[in-house]
Structure formats: C-alpha cells, structure tokens
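Student: Pasting a structure below so you can have a look.
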Amino acid sequence: MNPQFIMDGLIAGALIGLGAIGVTLTYSILRFANFAHGEFLSWGAYLALAISGSIGFLSANLTKPIAPFSFGWSLPIAALLAVLLTGVLALALDAVLFGRLRSRGGAVIILVMASFGASLALRSLLEFLFTSKPAYYTKALQIAVRLGGGLRATPDQLLVLGVTLVVVIAIHLLLTRSEIGRSMRAVSENPALAGIAGIDVRRIIRFVWFIGAALACIAGIMTGLLVQIRPYLGHDLLLPLFAAAILGGIGSVPGAMIAGLIVGLSEAAAVQLVGAEWRAAVSFVILVLVLLLRPRGLFGRPA
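When we follow the numbering used here, the leftmost residue of the sequence shown carries the number -11, and every step to the right adds one.
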C-alpha cells in the first residue's frame, strides 16, 4: 500500500474533525441532530468566494499569491468575514425556525425533520445563487513537497493541518478554561438546573449556534481550497461528520477531532484497498459499528 494514503487521510480527517466539532457541540446542547450543519460548510465556502472575488475586483494586488501558497490576502480577509456571516446565518435560522419550535415544546423528531427541510432549502438557494457549476478560490498549481517516508503534501495542505490544529486547541481552551465554556458544559449536563443556577441558557444556545457554524465555515473554506466548491460540498461530508461526532463521543472536542482523523484515514485506506467507489460506505460502516458496540463513543461519558 502506498504510504501517501496516510497524508491524504490526515488532511481529510482534519477537515472532517473540524466540522464534527460543530456537530457534537450542537447536539450536546440542543439535543438533536442538525442536518442543516453540512450546509453551513457550503455557505461558508461560497460566502468566502464571493467576498474574495469582490476584494479582488477592488484591489488586484490582494489576489497575488502569498508564497508559497496558492492564494492572496483576499482569501484570509474573506474567510474572516465569511465566518461572521455564517455565524449570523446560523443565528437567523435558529431565530426563525428552531427557536420557535423549542418555545412550543417541539419533539426532537420535529426539530430533526425541520433541520432536514432547512438543509434542502439552503442548498437549493445556493444552487440558485451560484449555480451547480464547480468554483475555485484559485487555479494556481502547486508542487507537492517531500516530507520523508514516501509522503508528499502541498503548502496549502500543510497550512490546512496547521490551521486545524490551532483552531482545535483554541476551542478546547475555550471550553475548559473560560466562563462561557463552563456554562456550556453545565447546560449540556442539565439545561433546567443550569438556568436555576443563574446561567443564561438562551445566550449559551446562541453562542453554540454561532461557534458551530463558524467552525463549519472554516472547514468548508479549507475543503474548497484543496478540492473545489460546490453546493453539495457540505452534504457530501455530512455522514462523515456525524460518524466522527458519534465515534468521538458527544460533547468531546478532542474526541471529535481524533475520530475525524480515524474516519479520514479509514476512507483513504479504503480507496487504496477496495476502490474510491467504496469511500462513502466507510463512514456508514463506522457509524453502525459505533452505535452497536459503543454508543457513547471513544470519549463520551457513560449514560
């Protein structure tokens, strides 16, 4: 087996793990599987594309590649704005749809079906605005760098791994060392008791929506940078995201990241062993095995 699958798996796993963190945080606080989460990846990628294109139109100098990467300063600037806008989109979706359902005491299955409908609507709107034709942040070609051991990676791929590491550490510190992180853990354990203790549960819910969508946006932008941007970008990653979130254990940020790497490496190995057409089945198999053998995941708390 070509050892390059390890690097391919690590890169795919980093993106999956980053998106899975948003899934696990949302599920631990709101107690339902949000199928619209994948669309936040797509919307984040397209918002960054639109903003980057606008910046490039105003100043061509900002589109010149930053050595050794394939993109100019317009993309990092657009990424910051896209993160904010994707977070606002998530807050708006909660205010218009999920918040109203929660206030009426909607059952979990109603929230799940509502998220499925929201996913379809958001994806269709993307196709209407940007068409289904693939788009790219840049078409500059990069030469892979030898890393030793038969592994290669482009500067953009190495940047993705570095950014993912920094973001995961930042989120972990936020949850473990900050006041709002402690409040999030309290709400995750018992929302009613947390409210009695003086925690603003609604504020925590809004924060979780924003941070989850922001992480999805970052994952979407980096996926678009390495591959391509399509309206189905987030939809295609949804099953691996849920597989990683459940494998890692609901509510565990390190667990989601480690599980994402496991899923990514498993998919990359499957491509070499049985063919690319079986790649999508790997996440499904992992998901089923976890639900059957260890429902709480690798780092989840015992029920």
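Every residue gets a Cβ at the ideal spot worked out from N, C-alpha and C, and that includes glycine.
1. What are the start and end residues of the beta strand (DSSP E) that includes A141?
2. Nearest CA to the CA of A24: which residue from G7, L35, I39?
3. Can you tell me the Cα-Cα spacing of L229 and F104, whole angstroms?
4. List the residues that DSSP assigns as beta-bridge partners of A38.
5. For T211, count neighbouring C-beta atoms within 10 Å of its own C-beta (all shown protein chains included) and say buried if the count is 16 or more, exposed if not.
6. Roughly how far, in whole angstroms, is the beta-carbon of G243 from the beta-carbon of G252, given that I think they are within contact range, below 8 Å?
7. Spell out a yes or no on whether the segment 93 to 111 and the segment 16 to 34 are touching, meaning 3 or more CB-CB pairs, one atom from each, closer than 8 Å.
8. Kindly indicate which residue of D224, A247, G222, G183 has the alpha-carbon position closest to the one of I234.
9. Have a look at E177 and A258 and give me their C-alpha separation to the nearest angstrom.
10. Smallest Cα separation from G150: which of I98, I206, V189?
11. DSSP on R134, reduced to helix/strand/coil?
12. Taking all protein chains shown into account, decide if F116 is buried (16 or more other Cβ within 10 angstroms of its Cβ) or exposed.
13. Taking a contact to mean a Cβ-Cβ separation below 8 Å, would you say I217 touches P143 in this structure?
14. For my contact list, F20 and L99 are in at a C-beta cut-off of 8 Å; report their separation, rounded to the angstrom.
15. Evaluate the contact criterion for the segment -6 to 8 versus the segment 172 to 186: three or more CB pairs, one atom per stretch, below 8 Å.
16. Among residues of its own chain, excluding the 5 on either side of I54, which ones have a beta-carbon nearer than 7 Å to its beta-carbon?
17. Answer yes if the segment 70 to 86 comes into contact with the segment 41 to 51, meaning at least three C-beta pairs across the two stretches below 8 Å, and no otherwise.
18. Have a look at the DSSP bridge pairing and note the partners of I217.
19. Measure the alpha-carbon distance for G288 versus L50 and round it to whole angstroms.
20. Using only the alpha-carbon positions, how far apart do S240 and L13 sit?
Tutor: The structure says:
1. Stepping through the sequence shown from its first residue, residue 141 is reached at position 153. Run containing A141: 139 to 141, per the beta strand (DSSP E) assignment.
2. Taking the sequence shown and counting its residues from 1, the one referred to as residue 24 is at position 36. When only C-alpha atoms are compared, the closest one is G7.
3. Stepping through the sequence shown from its first residue, residue 229 is reached at position 241. Stepping through the sequence shown from its first residue, residue 104 is reached at position 116. Approximately 15 Å between the Cα atoms of the pair.
4. By one-based count along the sequence shown, residue 38 stands at place 50. Note: A38 is not bridge-paired with any residue in the DSSP secondary-structure output.
5. Looking up residue 211 in the sequence shown gives position 223. T211 comes out buried.
6. Locating residue 243 in the sequence shown gives position 255, where the first residue counts as 1. Locating residue 252 in the sequence shown gives position 264, where the first residue counts as 1. No, G243 and G252 are not in contact; Cβ-Cβ is about 15 Å, not under 8 Å.
7. yes
8. As a first step, residue 234 must be located in the sequence shown, where it is residue number 246. Cα-wise, what sits closest to I234 is A247.
9. Taking the sequence shown and counting its residues from 1, the one referred to as residue 177 is at position 189. Taking the sequence shown and counting its residues from 1, the one referred to as residue 258 is at position 270. Each residue's Cα considered, the two are about 37 Å apart.
10. Looking up residue 150 in the sequence shown gives position 162. Of the listed residues, the one whose Cα sits closest to G150 is I206.
11. The residue labelled residue 134 in the question sits at position 146 within the sequence shown. In the structure shown, R134 sits in a strand (DSSP, three-state: E or B).
12. Here residue 116 refers to the residue found at position 128 of the sequence shown. By the 10 Å Cβ count, F116 comes out exposed.
13. Position 229 of the sequence shown, counting from 1, holds the residue named residue 217. Position 155 of the sequence shown, counting from 1, holds the residue named residue 143. No.
14. On the sequence shown, position 32 is the one that residue 20 refers to. On the sequence shown, position 111 is the one that residue 99 refers to. F20 to L99, Cβ: 4 Å. Contact.
15. no
16. Locating residue 54 in the sequence shown gives position 66, counting from the first residue. Hits under 7 Å: G60, W61.
17. no
18. Here residue 217 is taken as the residue at index 229 of the sequence shown, counted from 1. BP columns for I217 point to A123.
19. Within the sequence shown, the letter at position 300 stands for residue 288. Within the sequence shown, the letter at position 62 stands for residue 50. Cα-Cα distance, rounded: 45 Å.
20. For the purposes of this step, residue 240 is identified with residue 252 of the sequence shown, where counting begins at 1. For the purposes of this step, residue 13 is identified with residue 25 of the sequence shown, where counting begins at 1. Straight-line Cα distance between these residues: approximately 8 Å.
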